[in-house]
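Position one of the sequence shown corresponds to residue 1 (the numbering used here), numbered consecutively onward.
Beta carbons are placed, not taken as given, at the ideal position from N, Cα and C, and that holds for glycine.
Worksheet: one structure, shown below.
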Amino acid sequence: DTEFGLSSGICTTSLKHATHFRRNAEAGMVMVNLATAGVDYHVPFGGRKGSSYGPREQGAYAKEFYTTVKTAYTLA
């Protein structure tokens, strides 16, 4: 557990574990089998918990800063 939640990631061969992690990670960005840095500029960027400040930047979700959105990547 941490007070921050900008990005999180795991490496796994299990789709079951990857799906569970994606759904339960308290982070603004979730990566599975990928680096936790660098994202597509078309998707929302921002954190949760202590990593969050105001609305999420970029993408169509920027105007919906009251919505909790999670961006998840999985490389299978």
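Proximity below 8 Å, CB of residue i to CB of residue j
i: residue 73; j: residue 34; result: yes
i: residue 71; j: residue 32; result: no
i: residue 6; j: residue 25; result: no
Where residue i sits in the DSSP three-state scheme
i: residue 74; result: strand
i: residue 15; result: helix
Residues that residue i bridges to, as DSSP identifies them
i: residue 7; result: 29
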